[in-house]
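For the sequence shown, counting from 1, position 55 maps to 964 in my numbering; every step adds exactly one. Just so you know, even glycine gets a beta-carbon here, dropped at the ideal spot from N, CA and C. First up is the structure itself, then whatever we jot down about it.
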Amino acid sequence: MRIDGHTLVLGLIGDPVEHTLSPVIHNTLAECLDTDSAYLPFHVRQEGTDLEDAVRGACALGITGLNVTVPHKSAVMRCLQAVDPAAARIGAVNTLVRTEGGFIGYNTDIAGLGRDLTEHGEDPAGRNVLLIGAGGAARAAGCLCGERGAERLWILNRSAQRAGQLADHLREVYPDMETAVISDSAEDAAGLPGDCLAIQCTSAGMSPDTERVPFREEAFYDHIRFAYDLIYNPAETAFLKNCRLRGIPTANGLGMLLYQAAAAYSLWMESTGRDVPVDENAIRTAAAALREQVYGKEAVRIMLIGFMGSGKTSVGRALSGQLGCALKDMDSMIADRAGKSIRQIFDEEGEQHFRDLETGLLEELAAGSAAGTEVISAGGGIILRKANRLLLPECGVSVWLKVSAAEAAGRLAGDETRPLLAGAGKEDRIRRLLTEREALYREAADVVIDTDGKDPETIAREITGILRLKGED
Ligand code: NDP
């Protein structure tokens, strides 16, 4: 990183700040986007006038933007020139953006949580939500539900008094959302509908106290359709594990942390007049750096998805060669287990049965972690089932090899083994199928790679670069 008089200074104020993950995210984004910014944590004590002095000093020093963390998220509001209305509704600010007259306060936690829920195919709009917790994070999550138009929201918290205060606030700001407080009891659990989106916002289960769950009454699990836990360390809390074992899809809060940071970074870049969209691949690179920082260097499983002719096999070979790891093919795994070829499975048991086997294999992959780094190439039609699209990113990093119809037709010229493309008008048929499937691939993908005009080795290097994986020396 080169630092000179043009470098934008960004940072975090909080107490404590020793264990913050924000520098990893923001400095990785800066590196990927080539934006010449540097992000540093600043320890600003809770006592005395430190906070006001710090904000005034940051302004005088020309600091472009700051994140704000505990315990200053509410107190900082009195030191600002203005507060964004959404942040005012939450009553907390986590991002400061410099203007001529002083800093303006925003709250990007809502955007971060909202985006990560969307990534998992969930949206509070029109939903029944079980909000677990009533602290600062629960307040942001409750406001997200109000902003998005959740139908009904139940607050379950250890302290009923605190739950009541949050409920009063949400009723006042979002009168259309029916908000109630419930207790940790079988009777109250029984009153919930069966399709709740559960958002766990307490610190119960956070490392090192990882066995703790936020409520005692097991009956609550029967009413959850999707479970989101804001905690990301450990990767799977006891609450999420209990959900998973009951077949409920789950997600942890690492994505929220990432996306609230990306939203803050966008605000800072906009404020400096730089037209630097924080693109998907920069976010994915920051996600990989963040995962490595939180969970250590893990074994990674890369799931390659894409249309016929997108290069899943050739890129898979190049990638496994560069990483020195195993390459597996889902169709071969299914055929080996069934003791017959895919064609025989289709002919004898039908496509539905094949798709069931495919979903079953994905469920197994999603439930276990990779033994070592591995590359798995999936069948072209795997994204047709909604369940598979949700499972793919859970299995590992799902990489969509994107190809245009013209390029796919060129690569498949002379290949007469694909029944879907048999006969004349191949390119038109590819174009139609691609148009039908593009949104489905996008939904299932963590990373998108444009493959047109590139050879497999180049594409494989692009993937290892984005995921920050090192090849074998
Ligand atoms: P607060 O201190 O404001 O609130 C803590 C909440 O946890 C309260 O509801 C409290 O209940 C509850 N709680 C604490 N201990 C227990 C326990 N043993 N059993 C049941 N409930 C308990 O913290 P925040 O709201 O700021 O943060 C909560 C969690 O969310 C933290 O783990 C934090 O790391 C995480 N978080 C994650 C973010 C992300 O980006 N992924 C962003 C922000 C927060 P009571 O009211 O009864 O005390």
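Residue side-chain check: P1143 keeps its Cβ at 8 angstroms or more from all non-hydrogen atoms of the ligand NDP. Between the beta-carbon of G1281 and that of C1234 there is about 6 angstroms, and that keeps the pair under the 8 angstroms contact cut.
With the criterion CB distance below 7 angstroms from any heavy atom of the ligand NDP, the matching residues run V979, D1018, G1021, G1042, A1043, G1044, G1045, A1046, A1047, N1066, R1067, S1068, R1071, C1110, T1111, S1112, A1113, M1115, R1121, P1123, L1139, I1140, Y1141, G1162, L1163, M1165, L1166, Q1169 along the chain. In this structure, the beta-carbon distance from I1251 to D1265 does not fall below 9 angstroms. Of V933, L930, E940, P925, the smallest CA-CA separation from R911 is found for E940.
Three or more beta-carbon pairs separated by less than 8 angstroms link the region 1009-1016 to the region 976-993, which places the two stretches in contact. In summary, Q955 is exposed, with fewer than 16 beta-carbon neighbours lying within 10 Å of its beta-carbon over all protein chains present.
Our two residues, E1081 and E1087, have alpha carbons roughly 11 angstroms apart in a direct line.
Following the DSSP letters along the chain, one finds D1184 in no beta strand (DSSP E), marked with neither H nor E. Restricting attention to T1194, A1314, K982, the CA atom closest to the CA of L942 is found in T1194. Of the residues A1247, H1029, R1153, G1164, the one whose Cα lies closest to the Cα of A1198 is G1164. A1034 and E1096 have their C-alpha atoms some 26 angstroms from each other. The region 1125-1137 makes no contact with the region 1182-1194: fewer than 3 CB pairs, one atom from each, lie closer than 8 angstroms. Exposed is the label assigned to E1273, since fewer than 16 other Cβ atoms lie within 10 Å of its Cβ. With respect to the C-alpha of E1189, the residue from F1263, D1238, V977, D1359 having the closest C-alpha is D1359. When the beta-carbon positions are compared, V977 and A947 stay at least 9 angstroms from each other.
Per DSSP, reduced to three states, the secondary structure at H935 is helical.
Judged by beta-carbon spacing, R1057 lies beyond the 9 angstroms limit of C1105, meaning their Cβ atoms are not closer than that value.
Contact between the region 1284-1291 and the region 1214-1221 is established, with three or more Cβ pairs separated by less than 8 angstroms. Counting only unbroken stretches of 4 or more residues, the alpha helix (DSSP H) elements lying wholly within the region 1310-1382 are 1314-1321, 1335-1353, 1365-1375, in sequence order. For Y1204, the secondary structure class from DSSP, reduced to helix, strand or coil, is helix.
For G1000, the CB contacts under 7 angstroms within the same chain, skipping 5 residues up- and downstream, are S983, R1048 in chain order. With respect to the C-alpha of S1112, the residue from S1092, P1158, R1067 having the closest C-alpha is R1067.
Following the DSSP letters along the chain, one finds Q955 in no beta strand (DSSP E), marked with neither H nor E. Excluding its 5 nearest sequence neighbours in each direction, S1094 has C-beta neighbours in its own chain below 7 angstroms: E1126, listed in chain order. The C-alpha of A1147 is placed about 27 angstroms away from the C-alpha of V926. Sixteen is the threshold: when 16 or more other Cβ atoms of the shown chains lie within 10 Å of the Cβ of E1283, as they do, the residue is buried.
Per DSSP, the continuous beta strand (DSSP E) segment holding F1012 begins and ends at 1011-1015.
Under DSSP, no beta-bridge partner is assigned to I1254. Between the alpha carbons of T1159 and F1263 lies a distance of about 26 angstroms. Three or more beta-carbon pairs separated by less than 8 angstroms link the region 1294-1306 to the region 1344-1361, which places the two stretches in contact. CA-to-CA, the gap between G1030 and S1175 works out to about 23 angstroms. In chain order, L1040, L1062, L1075, L1079 place their CB closer than 7 angstroms to the CB of G1051, counting only its own chain and leaving out the 5 sequence neighbours on each side. Secondary structure at C1105: strand, using DSSP grouped into helix, strand and coil. With contacts defined by Cβ atoms closer than 9 angstroms, I922 and L970 do not form a contacting pair.
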